[in-house]
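Student: A single structure is presented below for examination.
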Amino acid sequence: MKSRIKILTLSILISISSIQLQAKEGMWLPILLKSIEGDMKSMGLKLSAEDIYSINQSSLKDAVISFGGFCTGEIISDQGLILTNHHCGYRSIQSHSSVENDYLTDGYWAKSLKDELHNEGLTATFIVRMEDVTDAILQDLAGLAGKEREEIIKNRMDSLTNLATEDTHYEAYIRPFYYGKEYYMFVTEVFKDVRMVGAPPSAIGKFGGDTDNWSWPRHTGDFSLFRIYADSNNLPADYSENNVPYKPRHHLPISTKGIQEGDFTMVFGFPGTTDEYLTSDAIRYIKEELNPARIAVREAALEIMDKQMKASDKVRIQYASKYASASNYWKKWIGENRGLQASNAIGKKEKEEAAYRKAVAGQSDYEGLLAALEQEQSAIEPYTMARNYFIEIPYRRLEIINLASRFRTWFKEDTFELSDDEKDKMKKRIESHFKDFDSTTDSLIAIELMQIYKRDMKGDFLPEFLSNSDDMGALVSDLYANSLFNDREALTQLIDSGKTEEIIALQNDKAFVYMKQFWDVYYEMIKPDYDSLDHRLDSLYGLYVEGMRKYVDGKYYPNANSTLRLAYGKVEDYDPRDGVEYDFFTTTNGILEKYDPTNVDFDLPERLVELIQNSDYGDYADKDGSMRVCFIASNHTTGGNSGSPVINAKGQLIGLNFDRNWEGTMSDINYDINLCRNISVDIRYVLWVVDKFAGAQRLIDEMELVAK
């Protein structure tokens, strides 16, 4: 979720003599790699910037996709085979699973192309090209502000994207960088027929589960395989049995040589959001107030889900993806706070800010910015907290309330119109909702989280029905017993009937009434002030970034915003705290050491145990005969980099990025080379599981394996 604590795209290092960015830090736009090519080559890169990103020839960027818009994937064969994380493919795996065909537990391996499974709505997006459109967007806008400026910028963006895609099958979008000081356009090719090819059992793909999440050492085979299908002209097309495997412009060769400490690495992908350069006040607020509140809310929901999932296989399957999603950032926020404490992030920022003040002293446009930012930061904090409670509780966790919100746009005062298309869409939404919904679980979560909401939100931020309720158990029991939004059959029949008066009467249903109160509080009492403060902060941060770029020498990378980026570093170990040293790799020996058939996080398929015990590793073993599983490196990554290829100096695939170490989760707001590591599954372990465990030789045969 996006916190309204503003990011400063400045140097992490501010001093009068302008300390330089750490060489490995940053998520760089591929179109600008020339500026860091020399540093990358000094660390071992054998390729040119043109080999990595080019619009004139095939390059590495042509093998990297945005997977569904929420992860990264890479093309690893000339038949459009995609490699991404198991947790990225989890929704698809779950959607094809049932109690009878439990692919989450047993895994899935298509024996032929015809067995590869369609995933409705899943896309694979390539970047065709990037273009700096700053001048076209900002021309003659000096002096304009507010809605007038925003409207002109929007119109210019629409015009540029329309022009770029006219008479093509491409799509395009434009994103601001450095708080609107620069703009880049991304022309894309979006494929809509993406099929599931293979996934290991969750005992491999999620080995370690929530216990090991965001931590090192790691032994997780976090991968899954999909395939892009295209029409007979190799162009994007909706799903059809007549579609054929896509022929990519480039696919990644796979290195089976292995890695050594100090090897150059780079990660290509679509990192989501970073807040790298927050002020000390903003970091203090995150660490001491916002993160503890978010952690408590998710912890309460997770405890209930865990208990219910252990009691029922049906609920386990229904809530598997929800639990994984909720626990992901719950543990991340805990680790982030640990890292901020260990790195003395607040103290470091305070020193940098003192140095910044000296650097801009006498510059009237910039010298008062830190004081202004401090004032606005303080003003926005109560609205930031209220916004997060709204998102975390009624919007994300109270599913009966969330379903009712889907009807909100249907009702405009007392008028109501329902087309056949809208009716079909709503029926699909209802079906999708109830497929993975358990009323008992949802009601237990509602009792707990609405109690938290009432305890922590006061005054204008509290819906009337919560203010007037002293017995949350009775309130929730009555809600779930009497609401049509808790009855799939009755709700579907009502929509099917098309009875306007009865459908309009849903506005009197308690789920809808409670939802409307939540939404009214948010849109009337929280969002307007939040947005106003947000806009003022944007203006201040734009000037702050501008001042840094003018008066402090250095190379400044923009914060992540789900656009294609490259990060680079090297394979290296780390020492997280006194007396603890971690090596840079793990082996299958560690899998057996963790193996515990009584613990769902550490159970294993019998076949995997047998293969490891027999050391049946074939050509995938390391030089000493061991089977390496995961490794760490100093690449700067974040959410969205899940599934990103880890590439060596020659442009060959050596691993699959899937996580960060616990202390290193703070890298979203405070990168520290001594503590931050990205975690990847060794590509040889992936190959070994596909080949030896799954027996999917047909997939190995279409890959390009390189032993040098």
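Residue numbering for the sequence shown follows this note's numbering, beginning at 45 and increasing consecutively.
Don't be surprised by glycine CBs; every beta carbon is placed ideally from N, CA and C.
Spatial neighbours of residue 67 within its chain, please: CB distance less than 6 Å, with the 5 preceding and 5 following residues excluded, ordered by chain position.
Tutor: Numbered from 1 along the sequence shown, position 23 holds the residue referred to as residue 67. Only weak support is given to the placement of residue 67: the predicted model assigns it a pLDDT of 46, under 50, and the question is left unresolved by the model.
Student: Return the chain-ordered ranges of every alpha helix (DSSP H) run that is complete within the segment 475 to 526 and spans a minimum of 4 residues.
Tutor: Positions of the alpha helix (DSSP H) runs, each at least 4 residues long and wholly inside the segment 475 to 526, are given as 483 to 500, 508 to 511, 516 to 526 in order along the chain.
Student: When you compare the CB positions of residue 69 and residue 680, do they come within less than 9 Å of one another, or not?
Tutor: Sequence index remark: in the sequence shown, residue 69 carries index 25 (1-based). Sequence index remark: in the sequence shown, residue 680 carries index 636 (1-based). Contact flag set, yes.
Student: Taking the alpha-carbon of residue 203 as reference, which of 259, 177, 624 has the nearest alpha-carbon?
Tutor: What you label residue 203 is simply residue 159 of the sequence shown in a count that begins at 1. Closest by alpha carbon: 177.
Student: Relative to the alpha-carbon of residue 75, which residue among 553, 609, 667, 214 has its alpha-carbon at the smallest distance?
Tutor: The count along the sequence shown starts at 1 and reaches residue 75 at position 31. For the residues 553, 609, 667, 214, the minimum Cα distance to residue 75 belongs to 609.
Student: Report the residue from 741, 710, 378, 698 whose alpha carbon sits nearest the alpha carbon of residue 299.
Tutor: As a working mapping, residue 299 is identified with position 255 in the sequence shown. Nearest option by C-alpha distance: 698.
Student: May I have a chain-ordered list of the alpha helix (DSSP H) segments no shorter than 4 residues that lie completely inside the segment 247 to 272?
Tutor: 253 to 256
Student: Distance check for residue 750 and residue 675, CA to CA, integer angstroms please.
Tutor: Against the sequence shown, residue 675 aligns to sequence position 631. Against the sequence shown, residue 750 aligns to sequence position 706. Spanning the two alpha carbons is a distance of roughly 19 Å.
Student: Give the DSSP-derived three-state secondary structure of residue 217 in the structure shown.
Tutor: Position 173 of the sequence shown, counted from the first residue, corresponds to residue 217. Three-state result, residue 217: strand.
Student: State the DSSP-derived secondary structure class of residue 620, mapped to helix, strand or coil.
Tutor: As a first step, residue 620 must be located in the sequence shown, where it is residue number 576. Residue 620 falls in the strand class under three-state DSSP.
Student: Over the uninterrupted beta strand (DSSP E) stretch that includes residue 704, give me the two end residues.
Tutor: Translated into positions along the sequence shown, residue 704 becomes position 660. 697 to 704 is the span of the beta strand (DSSP E), which, as asked, contains residue 704.
Student: Within its chain, find whatever has a CB closer than 6 Å to the CB of residue 448; leave out the 5 residues flanking it on each side and keep chain order.
Tutor: Indexing the sequence shown from 1 puts residue 448 at position 404. Answer for residue 448: 529, 555, 556, 559, listed in chain order.
Student: Where does residue 605 sit, in a helix, a strand or coil, going by DSSP?
Tutor: In the sequence shown, the residue the question calls residue 605 occupies position 561. If DSSP states are grouped into helix, strand and coil, residue 605 belongs with the strands.
Student: How is residue 612 classed by DSSP in three states: helix, strand or coil?
Tutor: In the sequence shown, residue 612 corresponds to position 568, counting from 1. DSSP, reduced to helix, strand and coil, places residue 612 within a strand of the structure shown.
Student: With a threshold of 16 other CB atoms inside 10 Å of the CB of residue 565, please say whether the residue is buried or exposed.
Tutor: Against the sequence shown, residue 565 aligns to sequence position 521. Its Cβ being crowded by 16 or more others within 10 Å, residue 565 is buried.
Student: With a floor of 4 residues, list each alpha helix (DSSP H) that falls wholly inside the segment 121 to 203, ordered by position along the chain.
Tutor: 134 to 139, 147 to 150, 178 to 182
Student: Taking 9 Å as the cut-off, decide whether the C-beta atoms of residue 490 and residue 524 are in contact.
Tutor: By 1-based counting over the sequence shown, the position of residue 490 is 446. By 1-based counting over the sequence shown, the position of residue 524 is 480. Against a cut-off of 9 Å, the Cβ pair of residue 524 and residue 490 comes out as a contact.
Student: Could you pull out every residue in the same chain whose Cβ sits closer than 7 Å to the Cβ of residue 822, ignoring the five residues on either side in sequence?
Tutor: Residue coverage of the chain in this structure runs from 45 to 752, which leaves residue 822 outside it and unanswerable.
Student: Near residue 671, which residues of its chain fall below 8 Å by C-beta distance, leaving aside the five closest residues on each side in sequence?
Tutor: Here residue 671 refers to the residue found at position 627 when the sequence shown is read from its first residue. These residues qualify, in order along the chain: 631, 632, 656, 659, 661, 664, 665, 728, 729, 732.
Student: Report the rounded CA-to-CA distance for residue 312 versus residue 432, giving the unit in angstroms.
Tutor: Along the sequence shown, read from residue 1 onward, the residue named residue 312 stands at position 268. Along the sequence shown, read from residue 1 onward, the residue named residue 432 stands at position 388. When rounded, the distance between both Cα atoms is 31 Å.
Student: Of all the alpha helix (DSSP H) runs that stay within the bounds of the segment 678 to 749, which reach a length of 4 or more residues?
Tutor: 727 to 732, 741 to 745
Student: Taking only three categories from DSSP, how would you classify residue 293?
Tutor: As a first step, residue 293 is located in the sequence shown; it is residue number 249 there, counting from the start. It is coil, neither helix nor strand.
Student: Go through its chain and collect everything with a Cβ distance to residue 441's Cβ below 7 Å, but skip five positions before and after it.
Tutor: Within the sequence shown, residue 441 is the residue found at index 397, counting from 1. The residues are 345, 489, 493.
Student: Among the candidates 591, 677, 303, whose CA atom is the shortest distance from the CA of residue 407?
Tutor: Mapped onto the sequence shown, residue 407 falls at position 363. Closest option to residue 407, judged by alpha-carbon separation, among 591, 677, 303: 591.
Student: Which residue or residues does DSSP assign as beta-bridge partners of residue 672?
Tutor: Looking up residue 672 in the sequence shown gives position 628. Beta-bridge analysis with DSSP links residue 672 to 631.
Student: Please specify which runs of the alpha helix (DSSP H), each continuous and at least 4 residues long, are wholly inside the segment 563 to 607, giving them in chain order.
Tutor: Here the runs fully enclosed are 571 to 595.
Student: What separation, rounded to the nearest whole angstrom, lies between the Cα atoms of residue 155 and residue 172?
Tutor: Position 111 of the sequence shown holds residue 155. Position 128 of the sequence shown holds residue 172. The straight-line gap from Cα to Cα measures roughly 32 Å.
Student: Using the three-state DSSP reduction, which class does residue 302 fall into: helix, strand or coil?
Tutor: As a first step, residue 302 must be located in the sequence shown, where it is residue number 258. Here residue 302 sits in coil by DSSP.
Student: Across the segment 273 to 284 and the segment 382 to 391, are there enough close Cβ pairs to call them in contact, namely three or more that are closer than 8 Å?
Tutor: no
Student: Locate the beta strand (DSSP E) running through residue 117, then write down its first and last residues.
Tutor: Residue numbering aside, residue 117 sits at position 73 when the sequence shown is read from its first letter. It spans 115 to 119 - the beta strand (DSSP E) in which residue 117 sits, taken as one unbroken run.
Student: Quick one: grab the DSSP three-state call for residue 752.
Tutor: Along the sequence shown, read from residue 1 onward, the residue named residue 752 stands at position 708. The answer is coil: DSSP assigns residue 752 none of H, G, I, E or B.
Student: What did DSSP end up calling residue 557 once you bin it into helix, strand or coil?
Tutor: Working through the sequence shown from its first residue, we reach residue 557 at position 513. Helix.
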